[in-house]
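Shown next, in C-alpha cells, is the structure this report addresses.
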Amino acid sequence: MKTLKMKAAVLYKPEEMRIEEIPVPEIKEDEILIRVKRCGICGTDPHIYKGRFPVPTPLVLGHEFSGEVVKVGSAVTTVKVGDKATADINIACGNCYFCRMGQKLFCKDIVQIGVHINGAFAEYVKVPESSVYKLPNNMAWEEGAYVEPLACAIHGQERANIAIGSTVAIIGAGPMGLTHAILSKMNGASRVIISELNQVRLQKARDLGIDYVIDASKDDPIKAVLELTDGRGADVVFEVVGTIPTYKQAFRMVRKGGVLVAYGAAPADAVMDIRPFDIYSKELTIVGSYAGTYNTWVKAINLISAKRFIPSNIITKSVSLDNVVEGIIEAENNKDTIKIMVEIPD
Ligand SMILES: [Zn+2]
Ligand SMILES: [Zn+2]
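When we follow the working numbering, the leftmost residue of the sequence shown carries the number -8, and every step to the right adds one.
The following block contains the structure:
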C-alpha cells in the first residue's frame, strides 16, 4: 500500500526548518489522527527553533492546535471521526509517583507533543486518547487552538489563588500577560495593573479594559504599583516575561504576605540574588507555574465555549504552513504582533 504523505515543517537543527512531504502518522489502537486546522505559535517555539531549548531532531514543532478527527484507533471511545478536537500536549505514564499524585507534569517519562514527538505544524498530528479533548461544534478553529495557552494560564491562576478584591500586578502584556489580566478580573481582582514596554501591547491592554496600564518605557512599574497600593505592593504579582530584571521587579512589587507567581520562562541557566530574609520576614508565597494540566484543559474549553474568554482579542495574525519559519521569527522579534496562528486550509 502506498504511504500517504502530508506537508509538515520539520526542524533538522537549530535554525534549519524545512517544509517537506513526510508520511502521515500511523495510529495505534489507542490513538487518534487529527487533521490540523490551526496551530498557535508559542513563546517557546522560537527558543526551540534557535536551539536555546534543545529537542530531539528531526521534529515537527507546534503544540497549540485544533483540528478535525479523521481516524480513530479500534480502542478509542471518547471521540469519533468528524469531531472537533484538541489535545493536552503532556503525555504521561499514569503509573509513576507523580502521575499517581495527580501531578503529571513531573512524570518521569513525560513526552510532549511538538517538543519531544511530532507536533502540529503539519497537516496531520496523532495524539493518544488519554490526551484528546472533544471541542464543541460551535467552537471556531482558532478558539480551539487557544485552549492550550488558556489551560496553562488557568493553572497559573489556580496556583496564585487570588482572593476576591485583590490587587493583581502583571509584568508583561504579551499573549499570556493579557490572558492573566483577563482571568484575574474573572477571579475577583478589584484592580489589575499591567506593565509593558511595547506600545502596541500597551494599547491592547487599554483596549481590553485593564484597570492600570503602565508604560514601562516611561514610568517605573515598581513605583507605579507602590503608589497605587499606599506603598504596600500588590497582593499577587505575575512575572510573565522571564528575565532577571523583571523577576527582580516582581519581588519589589509584591506586598508582605503576598503571592509571587513565576510564570515567565527565564533562561534555564539564569541566576538571581534574593534575600531569603525577605521571603521569611515578609512571609512571601512564591509559586511556579509551568504548563496546563488535567482539569485546566476542561476549564479552558468551558470558558471559551461559553464566550467568557474570547481568544480573537489576543490573536492578531495568521500565517500559512509555508511561512511558519517567518511566523516563528516574528513571534520572537516583533512584539507589535501579539499572537500568531498557523492556518492550515483543507
Ligand atoms: Zn505553548
Ligand atoms: Zn508518570
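Using N, Cα and C, we set each Cβ at its ideal position, and we do this for glycine too.
Being a predicted model, the structure only gives us computed values, none of them experimental.
Taking the beta carbon of residue i as the centre, do at least 16 other beta carbons fall within 10 Å, making it buried, or is it exposed?
| i | result |
| --- | --- |
| TYR238 | buried |
| THR68 | exposed |
| GLU133 | buried |
| ARG197 | exposed |
| ALA154 | exposed |
| LYS298 | exposed |
| VAL289 | exposed |
| VAL63 | buried |
| PHE300 | buried |
| MET167 | buried |
| ASP210 | exposed |
| TYR124 | buried |
| TYR40 | buried |
| ASP327 | exposed |
| ASN129 | exposed |
| ASN325 | exposed |
| ASN286 | exposed |
Can the beta-carbon of residue i be found less than 8 Å from the beta-carbon of residue j?
| i | j | result |
| --- | --- | --- |
| LYS72 | VAL60 | Going by the sequence as given, residue 72 is Val instead of Lys. Yes, Cβ-Cβ distance for VAL72 and VAL60 is below 8 Å. |
| GLN240 | PRO212 | yes |
| GLY248 | LYS273 | yes |
| ASP36 | ALA322 | yes |
| ARG192 | ILE319 | no |
| LEU312 | LYS(-2) | yes |
| PRO5 | GLY42 | yes |
| LEU199 | LEU294 | no |
| VAL333 | MET8 | no |
| VAL70 | ILE18 | no |
| SER296 | PRO127 | yes |
| ASP21 | GLU120 | yes |
| ALA78 | CYS98 | no |
| PRO49 | HIS107 | no |
Compute the beta-carbon to beta-carbon distance between residue i and residue j, rounded to the nearest angstrom, for a pair I have assumed lies under 8 Å.
| i | j | result |
| --- | --- | --- |
| LEU(-5) | VAL27 | Actually they do not touch by this definition, with Cβ atoms about 15 Å apart. |
| ILE25 | VAL118 | 6 Å |
| VAL232 | GLY163 | 4 Å |
| ILE184 | ILE205 | 6 Å |
| VAL310 | ILE331 | 6 Å |
| LYS195 | LEU217 | Rounded, the Cβ-Cβ distance is 25 Å, inconsistent with contact. |
| SER57 | ALA136 | 4 Å |
| GLY105 | GLY165 | With a Cβ gap of about 19 Å, GLY105 and GLY165 do not count as contacting. |
| HIS146 | GLY283 | 5 Å |
| LEU96 | TYR271 | Rounded, the Cβ-Cβ distance is 28 Å, inconsistent with contact. |
| GLN103 | ILE80 | 5 Å |
Using CA coordinates, which residue listed in the options is at the minimum distance from residue i?
| i | options | result |
| --- | --- | --- |
| VAL1 | MET92, GLN194, ALA111 | ALA111 |
| LEU219 | SER157, ILE292, ARG197 | SER157 |
| GLU344 | LYS326, SER181, GLU317, ILE292 | This structure gives no information on residue 344, because the portion of the chain shown stretches from -8 to 337. |
| ALA160 | PRO166, GLU187, SER296 | GLU187 |
| ILE13 | PHE242, ALA256, MET263, VAL116 | VAL116 |
| GLY222 | PHE97, ILE295, SER296, ARG243 | ARG243 |
| GLY279 | VAL228, LYS298, THR77, LYS326 | VAL228 |
| ILE306 | THR234, HIS107, SER181, CYS30 | CYS30 |
| ASP226 | SER175, SER208, ALA259, ALA256 | SER175 |
| THR234 | ALA207, ASP210, LYS125, MET263 | MET263 |
| ASP260 | ILE32, TYR3, PHE44, ILE10 | PHE44 |
| ASN152 | SER122, PRO127, GLY179 | GLY179 |
| ILE335 | ALA257, ASN314, TYR203, ASN325 | ASN314 |
| CYS87 | ILE101, PRO267, LEU251 | ILE101 |
| LEU230 | CYS90, GLY255, ASN81 | For clarity, residue 230 is Glu in the given sequence; the question names Leu instead. For the residues CYS90, GLY255, ASN81, the minimum Cα distance to GLU230 belongs to GLY255. |
| GLY224 | ARG182, MET130, GLY85, ALA207 | ARG182 |
| ILE32 | ASP202, GLY85, PHE89, GLU55 | GLU55 |
| PRO258 | GLU11, LEU275, HIS38 | HIS38 |
| GLN148 | ASP202, LEU251, PRO236 | LEU251 |
Please find out if some non-hydrogen atom of ligand 3 comes closer than 7 Å to the beta-carbon of residue i.
| i | result |
| --- | --- |
| VAL46 | Of the ligands this structure carries, namely ligand 1 and ligand 2, none is ligand 3. |
Quick check: is the beta carbon of residue i nearer than 8 Å to any beta carbon in chain B?
| i | result |
| --- | --- |
| ALA154 | The chain labelled as chain B is not found in the depicted structure, where only one protein chain is given. |
Please output, in chain order, the residues near ligand 2 using a CB cut-off of less than 5 Å to any non-hydrogen atom of the ligand. ALA83, CYS84, CYS87, CYS90, CYS98
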